[in-house]
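Enquirer: Protein chains in written order, with my numbering: chain A, 219 to 647; chain B, 26 to 196.
Note that CB positions come from ideal geometry on N, CA and C, so glycine has one too.
Note that the coordinates shown come from a computational prediction; the quantities given were computed from them, not determined experimentally.
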Amino acid sequence: MTTLLGLIFALLLFGLAALNGNVIALAVPFVAYLGWAMLRRPERIRLTATRSLSLDRVSNGRPVDVTVSVRNEGESVVEARIDDPIAPGLELVEGITSAIAILGPGGQVEFRYTVRGQRGEHRFRDILVDVTDSAGLFHTALTLEARATLVVVPTAQRLRRITIRPPRTRGFAGPIPARQGGSGIDFFGLREYQVGDRLRRINWRASARHEQELFTNDLEQERLADVGIIVDARDETNTRTPNGSLFEHSVAAAATLADTFLSEGNRVGMVIYGSAIVNVFPGYGRVQKMRILRALGRASTGHNEALRHLDRLPTRAFPAQSQIVFISPLSRDDAPVLTRLRAHGYAVIVISPDPVSFEALWLKSASSGLDPAFQHTAVRMLQVERRLVLRRLRQVGIQVINWDVTQPFDQVIRQQLTIEQLKIERLNR
Amino acid sequence: MNHLSTLTRASLAGALIVLAGAYALMGGWAFAGAVIAVGALWAFGMQRRAIGLRAPSAVSVGLAGLILLAAFGLAQGLPAAPVLLAGVLALAAWDMARLLHRLQSVEHIENRDLIIRQHVTQLAGVCATGLLIALAASIIRLDLSFAAVFALGLVALWALARLSRNRFSGP
């Protein structure tokens with residue numbers, strides 16, 4: 219347009235200066251062209267856009283189809299260039315995100331593409347449309363509202379059964395030993411025979427030692443438990459390196475544990491403690507699993523001065539004496555709060571992705587410019603400090619799993635939880 | 026898309042041949058060479074990613090160069106008809122090059138053939154009309170008073186200024 223106007227002005231001025239009508243006549247086709255462009259310019263543009271996603275919630279890395287449709291609701295013919303910017307954090311797998319179309323009244327253009335994304339909540343913004351005349355001289359930029367949200371939830375791994383022993387269980391039969399005699403599988407103790415007891419449950423060896431009394435084997439009841447998962451999303455504790463964030467490991471662990479506990483029939487709730495407190499109230503089954511995964515999909519680390527320490531942890535969200543699983547890289551100030559939880563009667567498991575080894579690994583691979591000897595000493599000091607914090611927690615009866623995130627979670631939990639349980643039992647004796 | 030590309034090149038070649046030929050016939054070999062040089066720059070600029078020059082700006086520079094050479098030729102006494110024809114062909118080549126660039130910049134084009142056919146047909150009509158009016162303007166002589174010429178000039182400038190303002194304000 220600028221070129222065209224400039225040329226017309228230049229030819230007119232040059233023609234006038236040279237007193238040459240032919241030069242001015244040379245400007246005529248350009249003026250005609252400009253007039254044609256003006257006539258073809260759409261006056262009242264009424265475009266609408268819709269966007270649909272094949273799924274609005276997917277697991278990590280799974281592709282999603284996006285269909286964008288733009289319709290001309292106006293009465294003039296519109297030539298439009300349509301651009302659909304992909305939401306940040308999503309990767310285009312296939313398809314197209316822009317198109318040019320001539321849309322008559324009621325005309326519609328539709329295009330599709332497939333995206334894949336990392337865990338998180340991805341918002342699709344508006345669609346950008348550039349409407350031009352036939353010559354492409356007059357442009358009108360429009361923004362069509364077609365918003366949608368895609369939540370990419372973490373993938374839950376399959377774990378073997380995790381043995382937990384909360385002090386209090388629920389009234390329904392389940393897989394958790396209830397510390398109460400009754401019907402079950404494992405031996406719990408001996409009691410005097412009562413009318414109605416089955417003969418096969420009489421302990422004949424014990425009964426033989428007494429002349430007038432019979433004894434019955436009591437079995438340990440197995441019931442469902444309440445499990446509360448707390449995910450630490452504080453900026454202060456979650457180390458971030460160019461290789462990634464430690465928080466992603468915490469989220470993956472939380473998803474796996476929630477899935478495992480729920481599939482065993484337990485009632486599971488969750489709290490994400492970061493820039494705000496996100497609470498998923500306890501519940502059962504698939505619906506609860508989806509609620510938890512959705513919350514984890516949206517979770518991100520953040521800073522909130524009021525939540526800098528764990529003092530404001532909403533422990534009332536979980537029933538008294540239930541099982542709490544705290545997933546956190548831990549800071550040195552966290553031990554007193556966790557100790558208090560234990561003192562209140564909760565059974566506490568701490569799963570702690572190791573921030574020291576995580577950062578040391580990156581420092582080793584990257585050229586940080588630090589003296590290697592200095593680096594080595596710093597890492598050792600931090601490890602000693604961390605070991606002290608973990609030891610303090612173990613001393614009060616908390617099961618602590620120190621997770622080097624280079625190791626698979628299922629392997630670590632299987633090995634360390636067994637060892638931890640033996641330690642706790644020894645401590646209780 | 027290939028047809029459009031061929032048509033663009035043919036249009037540009039036509040403009041160059043006609044204008045350079047007009048100069049050559051009048052003995053202006055240096056100007057004929059300049060026309061070919063500007064045309065070569067234009068054609069080179071149309072190749073995408075050539076020397077980092079953006080295709081639309083190279084094409085616009087090429088059009089400006091050719092039209093200024095044409096205007097200079099008219100002032101030097103070149104015959105009006107071939108120069109006007111060259112000007113119209115250059116305008117058509119410029120328009121089609123821009124359309125080509127616009128179409129190449131997107132991944133999907135709905136009704137591509139229809140867009141191209143409709144555009145080229147309308148462009149041909151506009152160019153033919155413009156050429157006829159320009160030829161008529163160069164042939165027909167009217168004796169107008171200075172005041173009338175001045176008034177017409179003011180109207181033309183006002184119309185152009187209004188058009189230019191409209192362009193930035195949108196519909």
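Note down, in chain order, each residue of its chain lying with its Cβ closer than 7 Å to the Cβ of L611/A, except the 5 sequence neighbours on either side.
Expert: Cβ within range, chain order: A553, L556, V568, V618.
Enquirer: Can you find a CB in chain B that lies within less than 8 Å of the CB of P323/A?
Expert: Chain B contact via Cβ: absent.
Enquirer: Could you work out which residues of chain A lie near T146/B, taking near to mean beta carbons separated by less than 7 Å?
Expert: Simply none; closest approach about 10 Å.
Enquirer: Which ranges would you report for the alpha helix (DSSP H) in the segment 44-128 of chain B if only whole runs of at least 4 residues count?
Expert: If we require 4 residues or more, the alpha helix (DSSP H) runs fully inside the segment 44-128 of chain B come out as 54-71, 80-100.
Enquirer: In chain A, what lies closer than 9 Å to D168/B by C-beta?
Expert: What D168/B touches in chain A: nothing, since even the nearest Cβ is about 12 Å away.
Enquirer: Using CA atoms only, rank isn't needed, just tell me which of A471/A, A470/A, I448/A is closest to V566/A.
Expert: Among A471/A, A470/A, I448/A, the Cα nearest to that of V566/A belongs to I448/A.
Enquirer: Looking at C-alpha atoms only, which residue of L223/A, V607/A, V602/A is the closest neighbour of R187/B?
Expert: Of the listed residues, the one whose Cα sits closest to R187/B is L223/A.
Enquirer: With 16 other CB atoms within 10 Å as the buried threshold, where does L225/A fall?
Expert: Buried.
Enquirer: Give me, in chain order, the residues of the same chain whose beta-carbon lies closer than 7 Å to that of V311/A; leave out the 5 immediate sequence neighbours on both sides.
Expert: Closer than 7 Å at the Cβ level, and outside the excluded window around V311/A, lie P281, T332, V333, R334.
Enquirer: Determine the contact status of L437/A and G400/A, defining contact as a CB-CB distance below 8 Å.
Expert: In this structure, G400/A lies closer than 8 Å to L437/A by Cβ.
Enquirer: To the nearest angstrom, report how far apart D444/A and G487/A are at their CA atoms.
Expert: Rounded to the nearest angstrom, the two C-alpha atoms are 8 Å apart.
Enquirer: From A75/B to G64/B, what does the alpha carbon distance come to, in whole angstroms?
Expert: In this prediction, A75/B scores a pLDDT of 46, lower than 50, which makes its location untrustworthy; the coordinate-derived value is nonetheless stated afterwards. When rounded, the distance between both Cα atoms is 15 Å.
Enquirer: For V241/A, go through chain B and note every residue whose CB falls closer than 8 Å to its CB, in chain order.
Expert: Within 8 Å Cβ-Cβ: A96, L99, A100.
Enquirer: Give me the Cα-Cα distance between T33/B and L231/A, rounded to the nearest whole angstrom.
Expert: Distance between the alpha carbons of T33/B and L231/A is about 29 Å.
Enquirer: If you reduce the DSSP assignment to three classes, tell me which class G563/A lands in.
Expert: Looking at G563/A - three-state DSSP - the assignment turns out to be coil, as it is neither helix nor strand.
Enquirer: Anything in chain A within Cβ reach of R127/B, meaning under 9 Å, just list it in chain order.
Expert: The answer, in chain order, is R299, I318, T350, G354.
Enquirer: Are there 16 or more other CB atoms within 10 angstroms of the CB of L442/A, so buried, or fewer, so exposed?
Expert: So L442/A counts as buried.
Enquirer: Who are the Cβ neighbours of A374/A in its own chain at under 6 Å, not counting the five residues just before and after it?
Expert: The residues are A473, T474, D477.
Enquirer: Just the Cα atoms here: how many angstroms apart are I510/A and E454/A?
Expert: Answer to the nearest angstrom: the Cα atoms are 24 Å apart.
Enquirer: N278/A lies in the beta strand (DSSP E); which residues open and close that run?
Expert: Looking at the DSSP string, N278/A is not in any beta strand (DSSP E), and its letter there is neither H nor E.
Enquirer: Looking at C-beta atoms only, is the number of pairs between the segment 406-426 of chain A and the segment 510-526 of chain A that lie closer than 8 Å three or more?
Expert: Touching, no, given that fewer than three Cβ pairs across the two stretches are closer than 8 Å.
Enquirer: In whole angstroms, what separates the C-alpha of M51/B from that of L93/B?
Expert: Near 18 Å, if we compare the C-alpha coordinates of L93/B and M51/B.
Enquirer: Here's the rule I'm using: 16 or more other beta-carbon atoms within 10 Å means buried, otherwise exposed. How should D450/A be labelled?
Expert: Buried: at least 16 other Cβ atoms inside 10 Å.
Enquirer: Is R441/A helix, strand or coil when you go by DSSP?
Expert: In this structure, R441/A counts as strand in the three-state DSSP scheme.
Enquirer: Going by alpha carbons, who is nearest to L432/A out of A267/A, T624/A, Q412/A, Q539/A?
Expert: L432/A has its Cα closest to that of Q412/A, out of A267/A, T624/A, Q412/A, Q539/A.
Enquirer: From which residue to which residue does the alpha helix (DSSP H) around M488/A run?
Expert: Segment 485-491 is the beta strand (DSSP E) holding M488/A; no alpha helix (DSSP H) there.
Enquirer: Just to confirm the assignment: which complete alpha helix (DSSP H) runs, minimum length 4, are found wholly within the segment 410-470 of chain A?
Expert: For the segment 410-470 of chain A, whole alpha helix (DSSP H) runs of length 4 or above, ordered along the chain, are 422-426.
Enquirer: Using beta carbons (cut-off 8 Å, strictly below), is P247/A in contact with chain B?
Expert: Taking Cβ atoms only, chain B reaches closer than 8 Å to P247/A, which makes this a yes.
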